[in-house]
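Chains as they are written, first to last, in the numbering used here: chain A, 1 to 581; chain B, 1 to 354.
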């Protein structure tokens, strides 16, 4: 019989190195104070979250249910927990608190965060901005591989890919975080195999909907985390699932078992009030010059793509830029000319058309919004999002010409500079013009007016933009202005897609459950929009294609809503949140 | 060796706050028992945004910073103060009182007077060790233990650490001693060995709990496998019955198509049975050895990691000499050291005074 005690590993650290020659007598009082402080520091209870004070309130306002969830996960669940709060209550924050505490106490070295591809960068941004935790993401240019980095955020599909799987499973991770964990519920999949084969000490899984299709899904997800807690699948069904498999039996016993491994807070438990959101979509008639430019670019893109699909990325960019600003378009077009990668005469024609645009319609409309905000909003704060640097510059130039206070935020700034820009915006007010590099993690709840100067074709980006101003902690009504030119791709994306799925109305966090479903079927959203656009042979056809895409999206949304409702219903009588005391 | 942590009371909060502000060069004026007016020097985390401190609760309109055991301000202050100066030199002879040993004070001998006569100056190190014990079921337990070691002999000096910690409040002076760096490092090393031995009972206690948590997980796993085994056996029995039925059908029937179908079904069932029997064999084989792979995985995950780190090193100057005790009938002399007490081997002490 082997020894039934766990291993004991003792290490001696050598710091601090006493250096006699550095000692000066005036340090004496300081040393006595340090001794006193060390004794008091050690007198703090071990089971408290010591790093909470290190979290900046300006970046994230921690709520009681989040702190309680993190506490239970860390101290009461043997290091394996399923965060299953309803959408929008901050499961990422709960995980962030746990990771922050572990980092603060220096108890873990290697951390692997696995997420759906769409959310990887957002996780990276949130952990950095809100908790000061730096992770490398598999989409970063300096990502080498899983063996070379200790703190990694990766899409689960990259981690399970043939190229990396061996590395990922052969490393001993201190912590594993699995977001949208319901996507590994099926034990027949590669994803399930990957998680099962990983080696880790602590594991934190996240999902708002542990049950996707049937209550037995709960079995797989919990068993992956804690094998044996429910016995066999058949045993689980016999004990806890009724014949129709619609509801759960033996609820008291099940609740006790679930409490060992799962935390679930509901909106009703938390008393969180989300403020109203007012959306105003403004469609403007483009000028004659803008229409001519748009038509010329669209025609060029369509023809070029039919001849050379390898140019997809640059053509897609041109198509997006033409509705953003003539400046953005010109920058890419001129680069194409310099590189000799395009038909020179046609590109030259496009540049000439861009030069011919004297008055930019969107800029005029933006002026009106900014003027109104100046009158009615605290410090006239408005945040303007655009996808392109050149557009950002053009917008700032225009606002400055008019004497507006502006703040420029983009990915070229260092972390410190970014902090300063946001601080100045808070203090001075005025207009912050930002690219989507702002979207990841940073909170700007002190501002309640945002403008989508152009619209990303990926709705996740739009949600991330909204999430900067409209999250827990925003105490005022939020105003969102969408600017779009009529009869352009923007209008299709807005009308046919975003409004159909109520993108601007839904609460932050909801979209990921829709989109991760789409990702599951392997579709890239932006590319799909582009394909629809360039492959349509008539306007009617184009409209129908967008309509179909909207129907698909809506179906996914309905499924996601039903799944959410089902979970709410199934867990309705369970007490899985924090303790009442 | 001694457990060095102390509870965070309001009294201690006040004391450390005042001392620390004073240490960093702040001008501190006590406006009342619970209120300090503070003028801070430039720089430092605490130098921004306050000029008054109130201990305990404050009124809504009060601009002062409220400070108490659980306030952010105090936690930050403690964090900062622990980093201030982790190495120091203290002369303990000023604050360590000469004490009679317990076997005299609690014995029958009547003491008329006693006096410590120092002969030699000695140095020791008192090291505060931070001991972090981490395991998944409890997360982290942190201990702070103090150990004193003579720098010349590397002998552990029991009681010296208490004398230093208790003496801090009396503000002992700085020691004017130099210790060879190698000697100092050797002494710290000796202290580390001592602390490891001394904290072992506490660590073993945590290890026991971790082992119990691992055992529970293994028990769950064993029970899962038992359940699985019993399900598989039932399944195998069902299939055997079906094979028997298929065999009977094949033997009885005269219709060729039906017979072929029955034989095909029997073949499929036999394949299935073989798979299940293989699975049963695998589980049984694993079970006979108590699931070694799973066991390793579970016990590894619950292993206890201990990290022992010197948090502070204090060079202490002390004196060695004689303790002269005058009783009603006698004058006795014992080897004695400040902070440690009588160091004489107990066997050398006459039974009459023990």
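The beta-carbon is built from N, C-alpha and C at its ideal position, and this holds for glycine as well.
As the structure is a computational prediction, the values presented were derived from the model and not from experiment.
Query: Rounded C-alpha distance that separates residue 189(B) from residue 338(B); Result: 23 angstroms
Query: Segment contact, 8 angstroms Cβ cut-off, at least three pairs: the region 136-151 of chain B with the region 222-229 of chain B; Result: no
Query: 8 angstroms contact criterion, which residue 124(B) and residue 342(B) should meet: CB distance rounded; Result: The Cβ separation is near 16 angstroms, so there is no contact.
Query: Straight-line gap, residue 574(A) to residue 469(A) (C-alpha atoms, nearest Å); Result: 33 angstroms
Query: Residue 351(B), DSSP secondary structure in three states; Result: helix
Query: Closer than 7 angstroms to chain A by CB, residue 230(B); Result: no
Query: Chain-ordered chain A contacts of residue 316(B) [CB-CB under 9 angstroms]; Result: Neighbours of residue 316(B) on chain A: none; closest Cβ ~12 angstroms, over 9 angstroms.
Query: Members of the region 228-239 of chain A that neighbour chain B once the beta carbon cut-off is set at 7 angstroms; Result: 228, 229, 231, 232, 234 and 235
Query: Exposed unless 16 or more other CB atoms sit within 10 angstroms - verdict on residue 101(B); Result: buried
Query: Nearest-angstrom Cα separation, counted from residue 375(A) out to residue 366(A); Result: 14 angstroms
Query: CB contact flag (residue 95(A), residue 177(A), <7 angstroms); Result: yes
Query: Burial state of residue 551(A) (16 or more Cβ within 10 Å); Result: exposed
Query: Any chain A beta carbon closer than 7 angstroms to residue 85(B); Result: yes
Query: CB contact check: residue 10(A) to chain B, cutoff 7 angstroms; Result: yes
Query: Cut-off 7 angstroms between Cβ atoms - residues of its own chain near residue 536(A), not counting five sequence neighbours on either side; Result: 542 and 545
Query: Residue range of the unbroken alpha helix (DSSP H) whose run includes residue 316(A); Result: 312-324
Query: Closest Cα partner of residue 113(A) within the set 46(A), 203(A) and 387(A); Result: 203(A)
Query: Cross-chain neighbours of residue 220(B) in chain A, by beta carbon under 8 angstroms; Result: 226, 227, 228 and 229
Query: Residue-chain proximity (residue 250(A), chain B), Cβ-Cβ < 7 angstroms; Result: no
Query: Any C-beta of chain B under 7 angstroms from that of residue 267(A); Result: no
Query: Residue 174(B) to residue 87(B) span [Cα, whole Å]; Result: 12 angstroms
Query: Amino acids of chain C, ordered along the chain, whose beta-carbon sits closer than 7 angstroms to that of residue 305(B); Result: Here the protein chains are A and B, and chain C is not one of them.
Query: Enclosing beta strand (DSSP E) for residue 25(B) [first to last residue]; Result: Residue 25(B) -> no beta strand (DSSP E), and no H or E assigned at all.
Query: Boundaries of the beta strand (DSSP E) in which residue 227(A) is found, first to last residue; Result: Counting along the chain, residue 227(A) falls outside any beta strand (DSSP E), and DSSP gives it neither H nor E.
Query: Whole-angstrom distance between residue 311(B) and residue 324(B), CA atom to CA atom; Result: 37 angstroms
Query: Within 7 angstroms, strictly: CB atoms of residue 410(A) and residue 437(A); Result: yes
Query: Residue-chain proximity (residue 145(B), chain A), Cβ-Cβ < 7 angstroms; Result: no
Query: Any chain B beta carbon closer than 7 angstroms to residue 418(A); Result: no
Query: Proximity test, Cβ basis, 7 angstroms: residue 192(B) and chain A; Result: yes
Query: Uninterrupted alpha helix (DSSP H) stretches inside the region 446-476 of chain A (no shorter than 4 residues); Result: 459-469
Query: Under 7 angstroms from the C-beta of residue 291(B): neighbouring residues of chain A; Result: Within 7 angstroms Cβ-Cβ: nothing; residue 291(B) doesn't reach chain A, min ~11 angstroms.
Query: Pairwise C-alpha distance: residue 415(A) and residue 190(A); Result: 38 angstroms
Query: Residues of its chain near residue 11(B), where Cβ-Cβ distance is below 6 angstroms and the 5 sequence neighbours each way are ignored; Result: none
Query: Reduced DSSP category for residue 236(A) - H, G, I as helix; E, B as strand; rest coil; Result: helix
Query: Residue closest to residue 147(A), alpha-carbon to alpha-carbon, out of 130(A), 118(A), 173(A) and 347(A); Result: 173(A)
Query: Rounded separation between residue 344(B) and residue 217(B) - CA only; Result: 53 angstroms
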